[in-house]
Every structure is written in structure tokens, then in C-alpha cells.
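2 protein chains.
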Amino acid sequence: MKTVFLLHQEELPRSWYNVLSDLGRPLDPPLDPQTGAPISPDALAVLFPRACLEQEVATDRFIPIPEPVQEAYRRWRPTPLARAVRLERALGTPARIYFKYEGGSPTGSHKANTALAQAYYNRAEGTRRLTTETGAGQWGSALAFACATFGLRCTVYMVRSSYEGKPYRRTLIRLFGAEIHPSPSDRTAAGRAVLARDPDSPGSLGIAISEAIEDARRGDGTKYALGSVLNHVLLHQTVIGLEAIRQMEVAGDWPDVVVGCVGGGSNFAGLALPFFGEARAGRRLLPRLLAVEPTACPSLTRGEYRYDYGDTARTTPLLKMHTLGADFVPPPLHAGGLRYHGMAPIVSRLVADGVVEPVAYDQGDVFRSAALFAQTEGIVPAPETAHAVHAAVELARRCAAEDEAKVILIGFSGHGHFDMAAYEAALAGSFPRGS
Amino acid sequence: MKTVFLLHQEELPRSWYNVLSDLGRPLDPPLDPQTGAPISPDALAVLFPRACLEQEVATDRFIPIPEPVQEAYRRWRPTPLARAVRLERALGTPARIYFKYEGGSPTGSHKANTALAQAYYNRAEGTRRLTTETGAGQWGSALAFACATFGLRCTVYMVRSSYEGKPYRRTLIRLFGAEIHPSPSDRTAAGRAVLARDPDSPGSLGIAISEAIEDARRGDGTKYALGSVLNHVLLHQTVIGLEAIRQMEVAGDWPDVVVGCVGGGSNFAGLALPFFGEARAGRRLLPRLLAVEPTACPSLTRGEYRYDYGDTARTTPLLKMHTLGADFVPPPLHAGGLRYHGMAPIVSRLVADGVVEPVAYDQGDVFRSAALFAQTEGIVPAPETAHAVHAAVELARRCAAEDEAKVILIGFSGHGHFDMAAYEAALAGSFPRGS
Chain Z
705 MKTVFLLHQE
715 ELPRSWYNVL
725 SDLGRPLDPP
735 LDPQTGAPIS
745 PDALAVLFPR
755 ACLEQEVATD
765 RFIPIPEPVQ
775 EAYRRWRPTP
785 LARAVRLERA
795 LGTPARIYFK
805 YEGGSPTGSH
815 KANTALAQAY
825 YNRAEGTRRL
835 TTETGAGQWG
845 SALAFACATF
855 GLRCTVYMVR
865 SSYEGKPYRR
875 TLIRLFGAEI
885 HPSPSDRTAA
895 GRAVLARDPD
905 SPGSLGIAIS
915 EAIEDARRGD
925 GTKYALGSVL
935 NHVLLHQTVI
945 GLEAIRQMEV
955 AGDWPDVVVG
965 CVGGGSNFAG
975 LALPFFGEAR
985 AGRRLLPRLL
995 AVEPTACPSL
1005 TRGEYRYDYG
1015 DTARTTPLLK
1025 MHTLGADFVP
1035 PPLHAGGLRY
1045 HGMAPIVSRL
1055 VADGVVEPVA
1065 YDQGDVFRSA
1075 ALFAQTEGIV
1085 PAPETAHAVH
1095 AAVELARRCA
1105 AEDEAKVILI
1115 GFSGHGHFDM
1125 AAYEAALAGS
1135 FPRGS
Chain F
705 MKTVFLLHQE
715 ELPRSWYNVL
725 SDLGRPLDPP
735 LDPQTGAPIS
745 PDALAVLFPR
755 ACLEQEVATD
765 RFIPIPEPVQ
775 EAYRRWRPTP
785 LARAVRLERA
795 LGTPARIYFK
805 YEGGSPTGSH
815 KANTALAQAY
825 YNRAEGTRRL
835 TTETGAGQWG
845 SALAFACATF
855 GLRCTVYMVR
865 SSYEGKPYRR
875 TLIRLFGAEI
885 HPSPSDRTAA
895 GRAVLARDPD
905 SPGSLGIAIS
915 EAIEDARRGD
925 GTKYALGSVL
935 NHVLLHQTVI
945 GLEAIRQMEV
955 AGDWPDVVVG
965 CVGGGSNFAG
975 LALPFFGEAR
985 AGRRLLPRLL
995 AVEPTACPSL
1005 TRGEYRYDYG
1015 DTARTTPLLK
1025 MHTLGADFVP
1035 PPLHAGGLRY
1045 HGMAPIVSRL
1055 VADGVVEPVA
1065 YDQGDVFRSA
1075 ALFAQTEGIV
1085 PAPETAHAVH
1095 AAVELARRCA
1105 AEDEAKVILI
1115 GFSGHGHFDM
1125 AAYEAALAGS
1135 FPRGS
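Chains Z and F are the protein sequences, given in the same order.
In case it helps, the working numbering puts the first sequence at residues 705 to 1139.
In case it helps, the working numbering puts the second sequence at residues 705 to 1139.
Spelled out as C-alpha cells, the structure:
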């Protein structure tokens, strides 16, 4: 039986899918926090390259992937779609479980898809340095790699709890030639303000974003790059779903449910949105789109859908999104990439419209399913990815109980090779059920 | 330009290539240390399954890969062959550098190729538990995974310096359900004897082999598995070279030099032997075959070619090979997988015959080339693999100096995701030139 569905290099998608063309009514616009009026792209040009700002509001259904970005993608893309036959057997389920594997990228996660695009556009417009934040380090290492690829300098503010708990991602970022600082740091007013209130702050993505933006605003050929949330970031990730659609066709199957983990929303959206587009175009049935978050940071399942800041220092435009509040600091969590108070406006809107279903799971349960996946499929999921794996395992168990042969597609956003300390803790039984 | 050369799942080789059929005169046989006479396969049946013992002396040119092993391979094989265009550019070399990437296996190295075959044959013949040794942990994690795949229990003796210095490989081994002990341990007479002489012994592969063999000899459905050196192990690795030959043909190129790192010799042999076979069959020119070892454990470049024991406690048959002496304990080294006093008899013989050229490099230089590879190609080499990368970089620099467009093929045996502490040390400059 064929279990891995590969595309050739020449089958790499030439365009990204832009869901803004299919939303029916436009997204609520970002607002200027000073005036409360919709913010002009010009006001953001200090932070982002023109090309990305145009993509924020583009209405074309497909947007071409620049040739140098395609060339960079081809180092590991198209990525494999595989069927988790051994996991199915272990669960005794009639469900067919597929996973789209993004762990083969240079830095081991989907983040490289947008990092390369953003670095390319910046380089093309004359930027010489990029600043950014990173939680677990997946985004920071991806941007460091992308900057090395396109010849930019890179400064990364890494959430302190991850900086200390994940030294190997930090090393990877340095290996790619980037400068890295634990956040909150004393290099910015935003960082110093947090440290004054709490010298032992574990940090958060919201704080690190404030620091990276403040650093970028100093100018001198410096701009800022965000690893999730914004429309152009989600756009760049749609290469995942576009490939997966062709691969499901090659497999002769079609998902009943598409499952992804959500922190800022880009990995989930990258897989799910093109399936939404296929349904909008009337070509296919819309699968259930299941967005999985940790109970410790439940922006979709417990947050409010309203305008809020993207960062803690309240320097970003206001975005209409599901939020736990801009100063929410989640507890340290192994899935550092899911520790964000907000959610991509596109994903938030699709949840509000009932197109995307959110669900939250506990870390302890999530790691048990991740260990089962590793033992059966031989691939160790990143703690973030483990949330999607767990949701799929729960669905497959329900299929077993109800003798229903559903088709489940997992967005496998990254491998857990830099997260073995979390697995060590899980093996030591330090995650009681409900932790 | 096309830079990645993939094969489809259906193009997975159905047979391994057996170099014993092409050696001209037979290998010098293993000897019984008691009698000095060639040892009978029966004497080894307590340790190895019949199928593997038959492969030790088989003369067929090709040996079929059992269907369940093929199925297990197809989870990640055929593996990609890629051209390192960005590395070439950074070196300003006219050389064309290809690498055959084995890092995408479940445990991140080539070791899974033989682990799955050995676990399968053992299971088929009724074995219930396998014991083994591991240095850096690549072999231990591969066998743990293979045992999980085919339903065997697994006990791993891990060289203490790696057990302590590489906790994340240890976690991976446990995650796959195996039992793991630092070696020398007090669980065996061999381990206790070493500890009595040196309670702080960092251990060595030779010692860990003695322990694993002693444990296996206790019987009760237990056998032993070795991750390199023996003929059947090298046989199972030839799937690498067989794929690479087809991929070089797809690329429309042919290597002038094939480069691999050597510890016990299996990864190098897995890539190089099928090229030797192609030349023997008169179909192609024989490339230079370059075997790269660390100066700290220079069995091919400084050892003697004679009969010696495979382990420290002198319990194995005598093998004719390049050796530094069975009680040689190399210094702790980041490339733990290259810390073996001996060398595969097949590789030793080809070195003696002048077919394979050995070369040794210093760890400090090796890590500098590995960092360059990571920065240009986005893939972090394992410290072992880094030796092959460094040799290729040296060759490519010579091509630049002499304006010669040679084709270099690197055996990229594994990724370095579990070796970031070594890179941290390298970045901190703690490897002076010549270390």
C-alpha cells in the first residue's frame, strides 16, 4: 500500500492562495490606536516592506510566488503527505489519518515558508536588517536562516522562558548568524518597563513583539518581521494547503476533517484556507476545519472577539481578533509557539462565521498522544504540533467507537528534535492528566 | 535549475547490493579466538539470526529486501539527493557538490536502514529482545525505533560520555520504549571489570559491545544487534548507494569523488559500495572513494591491518581489519559515532587493496565547515557527517584553486539536531584549530 505521496519539484505551486478574495465581506480593518480610524498602509511602511503591505489588503485570488522564493522553497518543498497507517492500527480505528509534514524544512517547521518570502521582499526593497520576536524559537531560527539566505542581518528577541529552557534553538539561531537577546531585555524601553515591574518575568510573545518593533523603529535600514497573525504571513503559508490538495487527489482521498494547532494561526491557516477556497470555488466539499489550542492559552475558546493590540506595550495597530487581552501572560508551556494572547484576524473571522471550529486540550493529554505518534510513526512531533496530533487521535478514537471511516488530515507543523526536555518530563510522568 | 532529485516510492530498490560477490578473492574469515580456526556460523547463532549470518558469507550479487522491511523503508525512502548550490557559491568553486541526505529517517540518520532489517529478521526467527551498544545514540535510537516497529523489546548500553553529554538522544531511545544503561555499567562482568580499574571511565564502543554481548548470551529469546562493521550491516546500507546511482543518472551527472565519514564503516560503505559495483560491472568509471575519520580515532590512517577483537573484553571473534587495538579508548569527541577502535573488514580490505582512500581531519576544522554548510544549505550536519562535509569542502576549495569542475558526492549520514551543544562549543570558539 502506498503511504507517502510526493510531488516533484516542478509541481511546487507558483502562487499563494489569497483567502481575502473569498471572505464575502471584507475583514474589519486595523485601526490606528491614536485616532481609532482605519490605519493607512503608509503608517506601517516604517515596519514592513511595501510588497507585504499590499498583500495585507490584496483581493486577487492568487498571488505569484517570486522566482527566488520558489528556488529557496525547492530545497525541501513540495513537502510529503503521508498516511499514518501504523498509528491507525495502534488505535484500531477505521479512520484514515494523513499528515502533511512540514518538519523537513531547514529549521524543522512551516515557519520557513513565510520567513523566506519576507526576507526576500525586504532585501528587494533595500532593507539591511530585520528584527523579530520568537517564542519556542521556531520562528526565530526560520527568520535567521532566511536572512542568511538573502543576505540580511537579523536580531531576534526570544521569550526568556524559552531562551533559558530551549538552549538548542538559541544555538541554531546563532549558527545561522543572527544576534539573539532574551526578552524582556534592557535594550528597549518596552523591555525595561516590564523588568521594572517584574525582574523575573518569563516574558511573552506580546512583550518580545514590543521590543522587536521598538528596535526596528530606530530605522537605519531596519524593518520588522512577524511570524504569524498578519494576512500576508498566512498567505505565504498557503503553499502547504495547495500542495496538500494535489496530494490528497493523488491519494484518491479527501479529508472530512482538517486539523491544525493554533498559536497565531499561520500554520493552521496555511493548510486549511486552500481547502476553504476549493469549497468556495464549488469544486469540493468543505471539510470540518478544526483549530486546536492549549487550555493554558485559550484565545479562541475563551477569548473575546474584539479589537485589541498585538503586543504588550500597545504599540501595534488594533486588530479585530480573538484575544485574552494584550497584557495576558500565559504560564510557561512546552508549546512555546502557542503562547500568544491573540489570533490571526482571518482565523478569528472564520471562527466567528462558524467556518472554523476551535477546541482546547491539556498539555498532559497532548504529550501522551504525541508519544504514541512517535512510537508508531517514528516522528517526534513538536509540542505545538502535538496538539493537532492529539485532536486527530481523539477523532480517530471516536471513529473506532462509532465504526466510522472518516478521513483526517493533520497539519504536522514541525518536529520536536529541540524539545526532548519536554518529552523527558512527559516520560518522567510530570504531566499529570489535566496539567 | 533543478537542485533536488527525488525518486518515487515505487523506485525504492528491491534488493541490496552484496559486494562480497565482487571482491575477487574472499575476505579473510573471522577466527575463533580459542582455536584460531575460522569460526562456524553455528557458533554465532546464539547472537545473530540465521538470515544475517547467511548474509555475512553470501555470494549472490543482489539479496532481496523483505517486503515488510521495504514497507518500513517507504516511510522516508527513497531519500533525496540534492545539489549544494549555495555551498558551491560560497566557496566560489567550479565543483558540483551533491549530497545524499539520510537525515530524514525516523531517527535522523542512516542507521535505521539496518536496524529495521535486523529487527525484522530477529522477529521472524522468534527473538523477543535485542541488546545493543550505542555511541552518540544514533544507532541506539534507530534500533529502539526498529524494535518498536516489529514488536521486540530492546536494551541499549550507551557509552557513558555520550549518555551524559547527549541527554536528548537518550530521551529519544526511551521514548521509543527501550531500556537504556550507561556503559560501563554494573550489570555485566565486563562493565564491572572496567569500573574496578577506572570508576570514572568515559566508556567506549568496545566496552559497550562487550556488555551488550554478555547480556545477550544470557539467552531467554535475546539476541544481539550491531550497528556497523559486519558484512550484513554494510549490505543493508547499500540501499543508499543504489538510490544515489539512479539519482545521479537523473541529475545527468556522475561523481568523480564519493566522500563519507567512517566510524565502523557502514554509512560510507552503504553509499560507496554500489558505485564500486557499477564499475566492476563495467558500466561506469570508478569514482575516488574517500573515507574520512577523525584524527582523534584514526583507525584507517594510523591503525594496523591485522586480526583483532571487536570489543574490549575480547569476547568477539577475531576480525581482519584496521585497528588501533581492542583496548584503545579514544578521547571524548563530539562525533561519538566515530569513536571505534576498529573498522569494517570490507572497508579495511578495500583500503588495503587501494580502492578506498582514507583521510583524517581535526574536529575544529570539521566544525567550521559544518557551520558553513548549515549557513548555506540550511541543514545542520551531525558531527560525524561533518567530517565528510569538511573533506568535500577541502576538495571543492582545491577545485577552485585549480579551476577544475569535479563532481563530489557527500554521504550525508545524519542531521545534528541532537548535537547543538557541540555547535554551541564551536561557536564559543572552544575548538582551536588543530583540536
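Virtual Cβ for every residue (Gly too), placed ideally from N, Cα, C.
Secondary structure of residue i, DSSP reduced to three states
{"i": "Z/Arg992", "result": "strand"}
{"i": "F/Thr835", "result": "strand"}
{"i": "Z/Pro886", "result": "strand"}
{"i": "F/Phe1116", "result": "strand"}
{"i": "Z/Gly964", "result": "strand"}
{"i": "F/Glu947", "result": "helix"}
{"i": "F/Pro782", "result": "coil"}
{"i": "Z/Glu829", "result": "coil"}
{"i": "Z/Val750", "result": "coil"}
{"i": "F/Val933", "result": "coil"}
{"i": "Z/Ile767", "result": "strand"}
{"i": "Z/Cys646", "result": "Any question about residue 646 of chain Z goes unanswered here, given that chain Z covers just 705 to 1139."}
{"i": "F/Trp1142", "result": "Limits of chain F in this structure are 705 at one end and 1139 at the other, which puts residue 1142 of chain F out of reach."}
{"i": "Z/Ile801", "result": "strand"}
{"i": "F/Ala1153", "result": "Only positions 705 to 1139 of chain F appear in the structure, and residue 1153 of chain F is not among them; the question remains open."}
Nearest-angstrom Cα separation, counted from residue j out to residue i
{"i": "Z/Leu1023", "j": "Z/Ile944", "result": "25 Å"}
{"i": "Z/Thr929", "j": "Z/Ala912", "result": "First, the residue type needs correcting, since residue 929 of chain Z is Ala and not Thr in the sequence shown. Going by the C-alpha atoms only, they are around 12 Å apart."}
{"i": "Z/Thr875", "j": "F/Met1124", "result": "7 Å"}
{"i": "Z/Ala850", "j": "Z/Ala920", "result": "18 Å"}
{"i": "F/Tyr721", "j": "Z/Gly1068", "result": "46 Å"}
{"i": "F/Ala1017", "j": "Z/Ala976", "result": "58 Å"}
{"i": "Z/Arg1081", "j": "F/Tyr1013", "result": "Here residue 1081 of chain Z turns out to be Glu, not Arg, going by the sequence shown. Rounded to whole angstroms, Z/Glu1081 to F/Tyr1013 spans 37 Å at the Cα level."}
{"i": "F/Gly956", "j": "F/Phe979", "result": "16 Å"}
{"i": "F/Thr835", "j": "F/Cys858", "result": "6 Å"}
{"i": "F/Arg1137", "j": "F/Phe1071", "result": "Confidence is the limiting factor: at F/Arg1137 the pLDDT is only 45, short of 50, which leaves the residue's position unreliable, though a coordinate-based value still follows. Computed Cα separation, rounded: 10 Å."}
{"i": "F/Asp764", "j": "F/Arg793", "result": "43 Å"}
{"i": "F/Asp1015", "j": "F/Cys1001", "result": "15 Å"}
{"i": "Z/Met705", "j": "F/Trp780", "result": "14 Å"}
{"i": "Z/Arg987", "j": "Z/Pro742", "result": "35 Å"}
{"i": "F/Ala948", "j": "F/Ala786", "result": "10 Å"}
{"i": "Z/His1121", "j": "F/Arg873", "result": "9 Å"}
{"i": "F/Pro798", "j": "F/Lys1110", "result": "7 Å"}
{"i": "Z/Ser866", "j": "F/Gly807", "result": "26 Å"}
{"i": "Z/His992", "j": "Z/Trp958", "result": "The question names His, yet the displayed sequence has Arg at residue 992 of chain Z. Those two C-alpha atoms are separated by around 12 Å."}
{"i": "Z/Val1215", "j": "F/Leu1076", "result": "In this structure chain Z extends from 705 to 1139, so residue 1215 of chain Z is not present and cannot be described."}
CB contact below 7 Å: residue i versus chain F
{"i": "Z/His1121", "result": "yes"}
{"i": "Z/Met952", "result": "no"}
{"i": "Z/Leu785", "result": "no"}
{"i": "Z/Leu1076", "result": "no"}
{"i": "Z/Leu716", "result": "no"}
{"i": "Z/Gly1082", "result": "yes"}
{"i": "Z/Tyr1127", "result": "yes"}
{"i": "Z/Ser1139", "result": "Residue placement at Z/Ser1139 is poorly supported in this model, since its pLDDT is 37, which falls under 50; the coordinates still yield a value, given next. Z/Ser1139 does not count as touching chain F."}
Contact with chain Z by residue i, beta-carbon distance below 7 Å
{"i": "F/Thr875", "result": "yes"}
{"i": "F/Tyr872", "result": "yes"}
{"i": "F/Met862", "result": "no"}
{"i": "F/Leu1131", "result": "yes"}
Nearest neighbour of residue i, chosen from the options [CA to CA]
{"i": "F/Thr818", "options": "F/Val1033, F/Ser932, F/His1038, F/Arg984", "result": "F/Ser932"}
{"i": "Z/Tyr1065", "options": "Z/Asn971, Z/Thr1005, Z/Ala741", "result": "Z/Thr1005"}
{"i": "Z/Pro1034", "options": "Z/Leu909, Z/Glu982, Z/Ala799, Z/Leu934", "result": "Z/Leu909"}
{"i": "Z/Ala973", "options": "Z/Val1055, Z/Arg873, Z/Pro737, Z/Gly1133", "result": "Z/Val1055"}
{"i": "F/Asn971", "options": "F/Val954, F/Leu934, F/Glu953, F/His1094", "result": "F/Leu934"}
{"i": "F/Pro770", "options": "F/Ile801, F/Glu868, F/Asp736, F/Ala828", "result": "F/Ala828"}
{"i": "F/Leu731", "options": "F/Gln713, F/Cys756, F/Thr739, F/Val761", "result": "F/Val761"}
{"i": "Z/Gln774", "options": "Z/Ala816, Z/His1091, Z/Thr1089, Z/Ser914", "result": "Z/Ala816"}
{"i": "Z/Pro1049", "options": "Z/Asp1031, Z/His1038, Z/His1026", "result": "Z/His1026"}
If you measure beta-carbon to beta-carbon, which residues of the stretch 877 to 901 of chain Z are closer than 9 Å to chain F? Arg878, Leu879, Phe880, Gly881
Anything in the stretch 840 to 858 of chain Z with a Cβ closer than 7 Å to a Cβ of chain F? List those residues in chain order, please. Phe849, Ala852
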